[in-house]
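In the working numbering, the protein residues as written are 6 to 205. In what follows, a structure is listed as structure tokens, so that the remarks can point back to it.
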């Protein structure tokens, strides 16, 4: 099939448009149900907290109350300390909870948490009531898989330290670069779910 033919390009554009439209149908169908909303909220919040904990920006310490901000916070907000990691600009202590505030890290974590939550919400609804999303029941397990695996993107090095593995620099770099692959996988799974929506 020649891609120089305008008809081919029009057909491809129509297919992509239909795929995105079907994905919206699947996601909106999942979020119209109580179990889908709970799945999104619980898994999204859990992942966001896990992400911050994996970066060591969220933890427990002595009980206290404090808010401190670094000098030149706007400049230091954009200062990278590693691939897809930025410098914290504030410390918030509320009781035993200590939070290092790095706006770009938190934004990235929130985007990932939303993608994970949407995948797992669709997974739950596709398993419990596939007709709600106009999906086949087989979509459930696959749509949830990247959401479960994506935790390694934020806490791979922490997991290695906990189990006592001597990680080489190359292995640690691999974990750091899993982040963009995770985003692609989560988007790809949502689009795959969209390809299984019955439009009739």
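A virtual CB, placed ideally from N, CA and C, is assigned to each residue, including glycine.
Report the option in the options whose CA atom is closest to the CA atom of residue i.
i	options	result
residue 89	95, 111, 100 and 70	111
residue 45	188, 128 and 196	128
residue 125	82, 21, 62 and 42	42
residue 104	81, 63 and 71	63
residue 65	97, 121, 76 and 184	97
residue 73	56, 190, 99 and 49	99
residue 77	93, 67 and 56	93
residue 68	36, 83, 91 and 101	101
residue 81	123, 186, 70 and 108	108
residue 57	116, 32 and 190	116
residue 200	12, 15 and 21	21
residue 86	75, 70, 60 and 71	60
residue 47	123, 188, 189 and 71	123
What does DSSP give as the partner residues of residue i in its beta bridges?
i	result
residue 119	Bridge partners of residue 119: none, in fact.
residue 69	100
residue 51	None, per the DSSP bridge assignment.
residue 87	90
residue 64	103
residue 35	Paired residues: none, contrary to the question.
residue 95	74 and 106
For residue i, which of helix, strand or coil comes out of DSSP?
i	result
residue 106	strand
residue 152	Confidence at residue 152 is low in this model, with a pLDDT of 49, below 50, so the placement of that residue should be treated as unreliable; the coordinate-derived value is given next. Here residue 152 sits in helix by DSSP.
residue 74	strand
residue 165	Summary for residue 165: the model assigns pLDDT 46, below 50, so the residue's position carries little reliability, and this model does not support an answer.
Between which two residues does the beta strand (DSSP E) containing residue i stretch?
i	result
residue 202	No beta strand (DSSP E) holds residue 202; DSSP gives it neither H nor E.
Determine the extent of the alpha helix (DSSP H) in which residue i is found, giving its start and end residues.
i	result
residue 81	78-82
If we define contact as Cβ-Cβ less than 8 Å, is residue i a contact residue for chain C?
i	result
residue 62	No chain C appears in this structure, which consists of one protein chain only.
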